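In the working numbering, the protein residues as written are 35 to 182.
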């Protein structure tokens, strides 16, 4: 959550809500693992199945939250959103996500996904040419090629 606090992020933006949910998943996962450890220490063997279930769910939530908060996953999520719903609002949210994320390194497949999202929005009859230009400039500035 520190990167959200360190930047001037609009609290109503989809980027803020996405990152907040990812951090909530991480926190819930840590709490689940912590609760399972405490139950295991207090009860020992008799509650072993419950400890494993709670710990497993906690680990799953921690992994989901941690992977979702990665910048490259976040950018791909916004690209998929723009591909599925090519609206001006989603294009602007994609621009904000790129600007807030800084430089993001993507493999070729993910870069193609981003390019497809831009082309899909650009091909819409109600697309804004200024937003398309800003989107292309932002992608050129913030997305770099990943070698592996």
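Built from N, CA and C at the ideal position, the CB exists for glycine as well. Treat the numbers as computed from the prediction; the structure is a model and nothing was measured.
| message | Comparing C-alpha positions only, which one of 144, 125, 157, 142 sits nearest to residue 171? | response | Taking the first residue of the chain shown as 1, we reach residue 171 at position 137. Considering only alpha carbons, the answer is 125.
| With DSSP run on the structure shown, which of helix, strand or coil describes residue 141? | Along the chain shown, read from residue 1 onward, the residue named residue 141 stands at position 107. Here residue 141 carries a coil assignment [DSSP, helix/strand/coil].
| request: Under 8 Å Cβ to Cβ from residue 36, same chain only, skipping five residues before and after it: list those, please. | output: For the purposes of this step, residue 36 is identified with residue 2 of the chain shown, where counting begins at 1. Caution is warranted here: a pLDDT of 46 is assigned to residue 36, below 50, making its placement in the model unreliable, and no coordinate value can be reported.
| request: Name the one or two DSSP bridge partners that residue 178 has. | output: Sequence index remark: in the chain shown, residue 178 carries index 144 (1-based). Beta-bridge partners assigned by DSSP to residue 178: 139.
| query | Just reading off the alpha helix (DSSP H) that residue 61 is part of, what are its end residues? | reply | Residue mapping note: residue 61 aligns to position 27 of the chain shown, counting from 1. Counting along the chain, residue 61 sits inside the alpha helix (DSSP H) bounded by residues 48-77.
| query | In chain order, what residues of the same chain have a beta carbon less than 8 Å from the beta carbon of residue 65, not counting five sequence neighbours either side? | reply | On the chain shown, residue 65 is found 31 positions in, with the first residue counted as 1. Closer than 8 Å at the Cβ level, and outside the excluded window around residue 65, lie 92.
| Residue closest to residue 152, alpha-carbon to alpha-carbon, out of 47, 97, 121, 89 | Mapped onto the chain shown, residue 152 falls at position 118. If we check each option's Cα against that of residue 152, 121 comes out closest.
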